[in-house]
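Numbered by the numbering used here, the letters in the sequence shown go through residues 119 to 284 in order.
Notes follow the structure.
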Amino acid sequence: MVINNVLNAQVQGLQNFNSTTGVWTGRTITNGGGVSVSNGDGTSGNPTITVIGGGMTWNVVSGTSDSMATNNGYMPTNASSTSLLLPATANVGDIVAICGTNANGGYIITQNAGQSIQMSATGAVTTVGVTGQLNCLGSTTICLICITVDTTWHILWATGSNFQAV
Numbered sequence: 119m120v121i122n123n124v125l126n127a128q129v130q131g132l133q134n135f136n137s138t139t140g141v142w143t144g145r146t147i148t149n150g151g152g153v154s155v156s157n158g159d160g161t162s163g164n165p166t167i168t169v170i171g172g173g174m175t176w177n178v179v180s181g182t183s184d185s186m187a188t189n190n191g192y193m194p195t196n197a198s199s200t201s202l203l204l205p206a207t208a209n210v211g212d213i214v215a216i217c218g219t220n221a222n223g224g225y226i227i228t229q230n231a232g233q234s235i236q237m238s239a240t241g242a243v244t245t246v247g248v249t250g251q252l253n254c255l256g257s258t259t260i261c262l263i264c265i266t267v268d269t270t271w272h273i274l275w276a277t278g279s280n281f282q283a284v
């Protein structure tokens, strides 16, 4: 660390300079939600910051049905239509995503008892419960976010308009 154009080789770790008092004081980085911190001692180990979790786990669905899990993405690859069941339990803010391709036969997002899917662009809502569903053509990619614990999903974003609420 350079202080008044002089290298201070005895300072270790993170430092903060108080321009009023002219004093350098040590600082540490603390752990937070989704972040792990090791401050090191400045000599034998440098500070490290690690992001915990984040991102999505993507699952290739080669069959004609699957049950989705929260904070996961799905890529249906079957030439026939694939049925993807919403998670039975979900917290507000949990998401599921489906990446459609021209190679698949489309997919149907099915619901558990009491669930529905809202579409902000059209204002449409699927029928509440197991008879409700969202039909999507193969190339449609969509992301749903849970807005009411366990029951209500909302289309966060979608590519194309190749889907229909039932």
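Ideal Cβ placement from N, Cα and C applies to all residues, glycine included.
None of these values were measured; they are calculated from a predicted model.
Span separating the alpha-carbon of Thr-244 from that of Phe-135:
59 angstroms
Would you give the residue range spanned by the beta strand (DSSP E) that Thr-228 belongs to?
225-228
Give me the Cβ distance between Gly-223 and Ser-257, rounded to the nearest whole Å; I'm assuming they're in contact under 8 angstroms.
With a Cβ gap of about 11 angstroms, Gly-223 and Ser-257 do not count as contacting.
Is the beta carbon of Leu-204 closer than 8 angstroms to that of Val-294?
The question about residue 294 has no answer, for the chain in this structure spans 119 to 284.
Report the partner residues of Pro-205 according to the DSSP bridge assignment.
Pro-205 pairs with nothing; no bridge assigned.
What residue range does the beta strand (DSSP E) around Gly-191 cover?
190-194
Gln-229: which of Thr-175, Asp-184, Gly-241, Trp-275 sits nearest, CA to CA?
Asp-184
Using 8 angstroms for Cβ pairs, my map puts Asn-177 next to Tyr-192. What's the rounded Cβ distance?
5 angstroms
Give me the Cα-Cα distance between Thr-168 and Met-174, rounded to the nearest whole angstrom.
17 angstroms
In three-state DSSP terms, what is Ala-197?
coil
Determine the closest residue to Ser-238 out of Gly-232, Cys-261, Thr-138, with distance taken between C-alpha atoms.
Cys-261
Have a look at Ile-216 and Thr-188 and give me their C-alpha separation to the nearest angstrom.
12 angstroms
In terms of residue numbering, what span does the beta strand (DSSP E) encompassing Leu-262 cover?
259-266
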